[in-house]
Amino acid sequence: MNPASDPSPIEVDARGMRCPLPVIRLADAARDAPAGTCIVVLASDPAARYDIPAWCRMREHELAEVTQIPQKSPGTDSPGSRGGSAEGDHPGYFRFVVLVRAQRSKAGGTGSGSEPRSRTR
Amino acid sequence: MLPAARATLMAALDAGWADPRRLYAEGRAARALLDQAREVIADGLGVRPAEVSFLPSGPAALRAGLEGLRYGARRRGARMVATAVEHSAILTTGRYHAAAAQDPTLFAEIPVDRVGRVDLSALEEAVDVPGTVLAAVQCANAEIGTRQPLERAHALCQAREVPLLVDAMACLGRDATPEHFDVMAGDARSWGGPGGLGVLVVPERTRWRRPGPVSEVEHGRTDVEPMVALALAAAEAWRQTEANRVDDSALSWAITGRLRAAAGTLGDVDVVGDPDDRLPHVLTFSLLYVDGESLVIELDRRGFAVGSGSACTSSTLEPSHVLAAMGVLTHGNVRLTLPLGMIAPTLEHDVSRFIAELPGAVAAVRAHLGASDL
Numbered sequence: 000m001n002p003a004s005d006p007s008p009i010e011v012d013a014r015g016m017r018c019p020l021p022v023i024r025l026a027d028a029a030r031d032a033p034a035g036t037c038i039v040v041l042a043s044d045p046a047a048r049y050d051i052p053a054w055c056r057m058r059e060h061e062l063a064e065v066t067q068i069p070q071k072s073p074g075t076d077s078p079g080s081r082g083g084s085a086e087g088d089h090p091g092y093f094r095f096v097v098l099v100r101a102q103r104s105k106a107g108g109t110g111s112g113s114e115p116r117s118r119t120r
Numbered sequence: 000m001l002p003a004a005r006a007t008l009m010a011a012l013d014a015g016w017a018d019p020r021r022l023y024a025e026g027r028a029a030r031a032l033l034d035q036a037r038e039v040i041a042d043g044l045g046v047r048p049a050e051v052s053f054l055p056s057g058p059a060a061l062r063a064g065l066e067g068l069r070y071g072a073r074r075r076g077a078r079m080v081a082t083a084v085e086h087s088a089i090l091t092t093g094r095y096h097a098a099a100a101q102d103p104t105l106f107a108e109i110p111v112d113r114v115g116r117v118d119l120s121a122l123e124e125a126v127d128v129p130g131t132v133l134a135a136v137q138c139a140n141a142e143i144g145t146r147q148p149l150e151r152a153h154a155l156c157q158a159r160e161v162p163l164l165v166d167a168m169a170c171l172g173r174d175a176t177p178e179h180f181d182v183m184a185g186d187a188r189s190w191g192g193p194g195g196l197g198v199l200v201v202p203e204r205t206r207w208r209r210p211g212p213v214s215e216v217e218h219g220r221t222d223v224e225p226m227v228a229l230a231l232a233a234a235e236a237w238r239q240t241e242a243n244r245v246d247d248s249a250l251s252w253a254i255t256g257r258l259r260a261a262a263g264t265l266g267d268v269d270v271v272g273d274p275d276d277r278l279p280h281v282l283t284f285s286l287l288y289v290d291g292e293s294l295v296i297e298l299d300r301r302g303f304a305v306g307s308g309s310a311c312t313s314s315t316l317e318p319s320h321v322l323a324a325m326g327v328l329t330h331g332n333v334r335l336t337l338p339l340g341m342i343a344p345t346l347e348h349d350v351s352r353f354i355a356e357l358p359g360a361v362a363a364v365r366a367h368l369g370a371s372d373l
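So the protein sequences, as listed, match chains A and B.
Using numbering that gives the first Met the number 0, the final residue of the first sequence is 120, and nothing's skipped along the way.
Using numbering that gives the first Met the number 0, the final residue of the second sequence is 373, and nothing's skipped along the way.
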């Protein structure tokens with residue numbers, strides 16, 4: 000599925016981190032990555048499900064794939080236990096595959112702010 | 000609350016304390032005052048007094064509106080549809096009924112586009128399903144300000160004889176009063192009235208039955224007697240707000256325009272909602288690499304009270320269902336709802352100060368997260 004030029008994806012494991020840390024980790028990984036790099040992000044924060052696609056849109060990277068990984072051990076999870084869960088005991092998470100596009104300059108006016116305006120005019 | 004509404008509330012506590020159902024002089028006086036308040040509000044909403052009931056809150060009125068439409072149509076079906084950005088009073092009640100009947104098809108949530116406007120063709124498809132007994136569409140969203148196309152939504156519902164339930168909590172007193180609905184709910188707080196008073200409008204043409212035992216209270220639409228003083232204060236607030244609405248809307252529109260422009264220059268920001276077809280007094284934006292909780296605290300430290308739809312600011316740790324349904328950034332969210340000009344005479348000055356301080360507050364939070372140069 001991934002381009003042949005991209006043999007080893009970068010993995011960002013942001014499980015257990017709360018928003019906006021998963022997006023910050025992803026942005027950090029993407030910062031110096033050449034175009035075509037594949038980044039796999041794992042995140043359990045419920046906001047990541049919306050924010051990683053939104054980040055890809057704002058930064059014009061491609062979100063190739065989103066998969067929901069159901070929780071591993073249903074009996075051990077309680078709704079309030081997010082954040083402190085141990086390795087391998089995640090209450091379900093999302094896996095995002097992001098393809099880095101050509102990097103744009105980061106200084107000011109990223110265009111995302113004016114985007115809603117230009118869309119509807 | 001408006002100062003005049005507050006004064007009315009205090010005076011009404013003396014004049015209208017009695018039980019309006021009683022026949023002694025004080026009771027009759029309270030009844031007369033309650034009728035008077037009802038007439039003012041009915042007149043403002045363009046309906047008859049008998050079509051207006053006072054309930055304990057806007058969400059309570061909304062839920063009652065839903066339950067009565069559902070019960071009134073129980074022989075036709077039990078399926079309900081609502082936009083994905085409706086008030087949680089609608090969404091949680093709809094999901095509850097579907098779950099209780101163990102039939103997820105009994106509640107359909109209609110998607111919205113990137114600015115939060117309902118997909119009318121999806122709504123049309125949803126109300127086409129036999130057994131659909133109501134569609135819930137808000138006049139505008141309280142979080143993002145985007146208006147919904149009520150006229151067209153009502154037309155397509157009418158063509159299928161599905162009643163339209165309109166949540167007008169965000170727009171009454173701030174925007175044009177909705178004309179296209181079969182049941183409407185509002186909250187006196189939205190027009191500068193007191194908390195604790197919702198308004199339920201059920202036009203005579205609408206088939207609506209309150210589930211449960213027959214009640215004599217408020218045209219049989221609740222079993223909670225309204226507090227007369229609250230109704231009077233709400234009526235006084237309506238008078239004042241309605242008299243100033245055009246000017247106040249223009250001022251709010253200009254201020255939110257300034258705020259939208261200022262937010263747009265922050266960099267890495269999603270200014271959310273329709274920029275034009277929207278409420279005049281609401282503004283939301285989301286900032287990349289900012290956590291909502293820290294930003295709300297940072298702004299509070301600088302003397303500004305803002306809301307947020309970010310997950311970290313909610314007790315459930317779930318982001319705002321409105322932002323999620325729109326597919327916009329949910330973290331670093333700031334939500335501003337401008338008070339009425341009569342309540343906040345220094346509004347323009349405060350907003351100028353906010354615009355001046357916002358970039359510093361955002362930079363402080365981004366620096367703290369080590370995200371200054373991402």
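All C-beta atoms in this analysis are idealised placements derived from N, C-alpha and C, irrespective of residue type, glycine included.
Which class does residue i belong to by DSSP, given the choice of helix, strand or coil?
i, result
"Ala173 (chain B)", "Rather than Ala, the amino acid found at residue 173 (chain B) in this sequence is Arg. If DSSP states are grouped into helix, strand and coil, Arg173 (chain B) belongs with coil."
"Glu163 (chain A)", "This structure cannot settle anything about residue 163 (chain A), because the visible part of chain A is limited to 0 through 120."
"Ile342 (chain B)", "coil"
"Val100 (chain B)", "It is worth fixing the name first, because residue 100 (chain B) is Ala in this sequence and not Val. Ala100 (chain B): coil per DSSP, three-state reduction."
"Cys138 (chain B)", "coil"
"Ala32 (chain A)", "coil"
"Cys55 (chain A)", "helix"
"Val364 (chain B)", "helix"
"Val295 (chain B)", "helix"
"Cys37 (chain A)", "strand"
"Val132 (chain B)", "strand"
"Leu20 (chain A)", "helix"
"Leu357 (chain B)", "helix"
"Thr92 (chain B)", "helix"
"Thr145 (chain B)", "strand"
"Arg48 (chain A)", "helix"
"Leu278 (chain B)", "coil"
"Leu98 (chain A)", "strand"
"Leu373 (chain B)", "coil"
"Arg222 (chain B)", "It should be pointed out that residue 222 (chain B) corresponds to Asp in this sequence rather than to Arg. Of the three classes helix, strand and coil, the one that applies to Asp222 (chain B) here is coil, per DSSP."
Sorted by chain position, which residues of the same chain lie with C-beta nearer than 6 angstroms to residue i's C-beta, five sequence neighbours on each side aside?
i, result
"Gly211 (chain B)", "none"
"Glu292 (chain B)", "Cys311, Thr312"
"Tyr70 (chain B)", "Arg208, Pro210"
"Ser371 (chain B)", "Arg365"
"Ala59 (chain B)", "Gly197"
"Gly43 (chain B)", "Trp237, Glu241"
From what residue to what residue does the alpha helix (DSSP H) around residue i run?
i, result
"Ala107 (chain B)", "Taken as a continuous stretch (DSSP letters only), Ala107 (chain B) belongs to no alpha helix (DSSP H), being part of the beta strand (DSSP E) at 106-109."
"Ile124 (chain A)", "The structure shown does not extend to residue 124 (chain A), since chain A is modelled only from 0 to 120, so the question has no answer here."
"Asp34 (chain B)", "24-44"
"Val268 (chain B)", "Per DSSP, Val268 (chain B) belongs to no alpha helix (DSSP H); it is in the beta strand (DSSP E), 268-271."
"Thr240 (chain B)", "227-263"
"Cys156 (chain B)", "149-157"
"Ala324 (chain B)", "320-325"
Using DSSP bridges, identify the partner residues of residue i.
i, result
"Phe93 (chain A)", "A:Ala42, A:Gln67"
"Ser52 (chain B)", "B:Leu199"
"Met183 (chain B)", "B:Val165, B:Val200"
"Gly306 (chain B)", "B:Arg334"
Following the continuous beta strand (DSSP E) through residue i, name the residue where it begins and the one where it ends.
i, result
"Thr283 (chain B)", "281-286"
"Thr336 (chain B)", "332-336"
"Asp127 (chain B)", "Run containing Asp127 (chain B): none in the beta strand (DSSP E); it sits in the alpha helix (DSSP H), 119-127."
"Ala63 (chain B)", "Looking at the DSSP string, Ala63 (chain B) is not in any beta strand (DSSP E); the run it does join, the alpha helix (DSSP H), is 57-71."
"Thr7 (chain B)", "Segment 2-14 is the alpha helix (DSSP H) holding Thr7 (chain B); no beta strand (DSSP E) there."
"Ala78 (chain B)", "For the sequence presented, residue 78 (chain B) should be read as Arg rather than Ala. Arg78 (chain B) -> beta strand (DSSP E) spans 78-82."
Can you list, in chain order, the residues of its chain whose CB lies under 8 angstroms from that of residue i, leaving out five sequence neighbours each side?
i, result
"Ala121 (chain B)", "Ile109, Pro110"
"Ala100 (chain B)", "Ala77"
"Ala152 (chain B)", "Val117, Leu119, Leu122, Ala134, Val136, Leu163, His179"
"Gly15 (chain B)", "Ala28, Ala29, Leu32, Leu33, Val227, Ala228, Leu231"
"Gly45 (chain B)", "Thr176, Glu178"
"Ala101 (chain A)", "Ala34"
Please work out which residues of its chain come closer than 7 angstroms, Cβ to Cβ, to residue i, disregarding the five sequence neighbours upstream and downstream, and give them in chain order.
i, result
"Ile342 (chain B)", "Leu1, Gly191"
"Leu20 (chain A)", "Ala13"
"Val128 (chain B)", "Arg78"
"Gly64 (chain B)", "Leu164, Val182, Ala184, Leu199"
"Arg48 (chain A)", "Phe93"
"Ala360 (chain B)", "Leu294, Glu297, Leu298, Arg301"
Counting pairs of beta carbons, one from the segment 91-101 of chain A and one from the segment 61-68 of chain A, are three or more of them closer than 8 angstroms? Three or more pairs of CB atoms, one per stretch, sit closer than 8 angstroms, so the segment 91-101 of chain A contacts the segment 61-68 of chain A.
Contact between the segment 252-267 of chain B and the segment 220-228 of chain B is defined here as three or more beta-carbon pairs at a separation below 8 angstroms; is this criterion met? no
Sufficient close CB pairs (3 or more, under 8 angstroms) joining the segment 192-202 of chain B to the segment 273-293 of chain B: no
What residues in the segment 50-68 of chain A bring their beta carbon closer than 7 angstroms to a beta carbon of chain E? The question asks about chain E, but that chain is absent: this structure's protein chains are A and B.
Does the pairing of the segment 39-55 of chain B with the segment 10-26 of chain B give three or more beta-carbon distances under 8 angstroms? no
Assess, as a yes-or-no matter, whether the segment 354-365 of chain B is touched by the segment 141-152 of chain B under the definition of 3 or more beta carbon pairs within less than 8 angstroms. Not touching, per the Cβ criterion.
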